[in-house]
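Colleague:
In our numbering, the protein residues as written are 1 to 314.
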């Protein structure tokens, strides 16, 4: 759907995907000068100024009432109206809904299914010592893959939890998300964990580096998820992006900090309340962990979705 100098592009379930400036999209606004890729076909999108003049007062053309169907002639096209409404959504307006997001429609079923799946993987790691490391990599990679899926679907304006990802391709579906997310963690928090080891009286230095890493991490993880690559960690992209939306980013970081604190406190309280009943504790704790992770990733996706014009990543 074309409107003005932009066009609405929507992927309706294609096999090879739809990309704008090499970023995968489900639905996005294509601007003049950007590159649209449909599978292996790559096209440039440019708007050309009209070469003819239009009368400022075009003649009135009567429109039959049957064609108008009772709707004013000036009523906006539904697709373009949807685009404009989406662009008016703000992070502050969307934040309260992030806590309801995991339970929309079949979201609670996805959380229950994920809880049981990861509980099974934890059970395997306990009794399969020789395979504990591969299972841990698979478990972490699959969880990281789902975290990225929540960020990207939210960044595209989706309002429901995405389905759990496929893992038919171990390298693409498990290893890549594991490396990307682990890389974001190490780059952001590595200096605070390792640099002070070589410096005496390192308490202040460690705290400073960890705070800086914590402030950098949300945008870094968002960048990796949107780009589906470690190139999303580029400081030349991440730091200017933070400065473009300082207030929204500060609010997002604050809410993420509160949610993370509640997450950790709930885990400690749960263990004190229930005790050390392995199955019950692991299942309830796993469900709460997935819920809070879904809320946190939703906030990151909304940060991008409500500020995509300012961030200018695609």
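Backbone N, C-alpha and C define an ideal beta-carbon position, used for all residues, glycine too.
#1: DSSP state of residue 28, grouped into three classes?
#2: Which of the three DSSP states, helix, strand or coil, is assigned to residue 175?
#3: Hey, quick one: how far does the beta strand (DSSP E) through residue 41 stretch, first residue to last?
#4: Which whole-angstrom value describes the C-beta separation of residue 299 and residue 252, a residue pair presumed to lie in contact below a C-beta threshold of 8 angstroms?
#5: Quick check on residue 19: does DSSP put it in helix, strand or coil?
#6: On the DSSP letters alone, give me the boundaries of the beta strand (DSSP E) that residue 37 sits inside.
#7: In whole angstroms, what separates the C-alpha of residue 29 from that of residue 239?
#8: In the DSSP output, what is residue 8 paired with across the bridge?
#9: Is the region 289–297 close to the region 257–265, with three or more CB pairs under 8 angstroms?
#10: How many Å lie between residue 208 and residue 199 at the Cα?
#11: Can you grab the Cα-Cα spacing for the pair residue 194 / residue 308, in whole Å?
#12: Might you give, ordered along the chain, the residues of its own chain that have their beta carbon closer than 6 angstroms to the beta carbon of residue 40, omitting 5 neighbours on each side?
#13: Have a look at 184, 249 and 257 and flag the residue whose alpha-carbon is nearest the alpha-carbon of residue 235.
#14: Kindly confirm or deny that the region 160–176 and the region 125–143 touch, where touching means at least three C-beta pairs closer than 8 angstroms.
#15: Let me confirm a value: residue 93 is counted as buried when at least 16 other C-beta atoms fall within 10 Å, else exposed. Which label applies?
#16: To the nearest angstrom, how far is the alpha carbon of residue 109 from that of residue 150?
#17: Is DSSP giving residue 302 helix, strand or coil here?
#18: Please classify residue 157: does DSSP put it in a helix, a strand, or coil?
Modeller: Walking through what the data contain:
#1: The count along the chain shown starts at 1 and reaches residue 28 at position 28. Looking at residue 28 - three-state DSSP - the assignment turns out to be strand.
#2: If you number the chain shown from 1, residue 175 lands on position 175. Helix at residue 175.
#3: Against the chain shown, residue 41 aligns to sequence position 41. That run of the beta strand (DSSP E) goes 41–44.
#4: The count along the chain shown starts at 1 and reaches residue 299 at position 299. The count along the chain shown starts at 1 and reaches residue 252 at position 252. Residue 299 to residue 252, Cβ: 6 angstroms. Contact.
#5: Residue numbering aside, residue 19 sits at position 19 when the chain shown is read from its first letter. Reduced to three states, the DSSP call for residue 19 is strand.
#6: By 1-based counting over the chain shown, the position of residue 37 is 37. Start and end: 35–38.
#7: Counting from 1 along the chain shown, the entry for residue 29 is found at position 29. Counting from 1 along the chain shown, the entry for residue 239 is found at position 239. Computed Cα separation, rounded: 24 angstroms.
#8: On the chain shown, residue 8 is found 8 positions in, with the first residue counted as 1. DSSP lists 29 as partners of residue 8.
#9: yes
#10: By 1-based counting over the chain shown, the position of residue 208 is 208. By 1-based counting over the chain shown, the position of residue 199 is 199. Spanning the two alpha carbons is a distance of roughly 14 angstroms.
#11: As a working note, residue 194 is residue 194 in the chain shown. As a working note, residue 308 is residue 308 in the chain shown. Their Cα atoms are separated by approximately 34 angstroms.
#12: Position 40 of the chain shown holds residue 40. Counting only Cβ-Cβ distances below 6 angstroms, and skipping sequence neighbours, we find nothing.
#13: By one-based count along the chain shown, residue 235 stands at place 235. Nearest option by C-alpha distance: 184.
#14: yes
#15: Working through the chain shown from its first residue, we reach residue 93 at position 93. Its Cβ having fewer than 16 others within 10 Å, residue 93 is exposed.
#16: One-based indexing of the chain shown puts residue 109 at position 109. One-based indexing of the chain shown puts residue 150 at position 150. Rounded to the nearest whole angstrom, the C-alpha separation of residue 109 and residue 150 is 15 angstroms.
#17: Here residue 302 corresponds to residue number 302 of the chain shown, with the count starting at 1. In this structure, residue 302 counts as helix in the three-state DSSP scheme.
#18: If you number the chain shown from 1, residue 157 lands on position 157. Here residue 157 sits in coil by DSSP.
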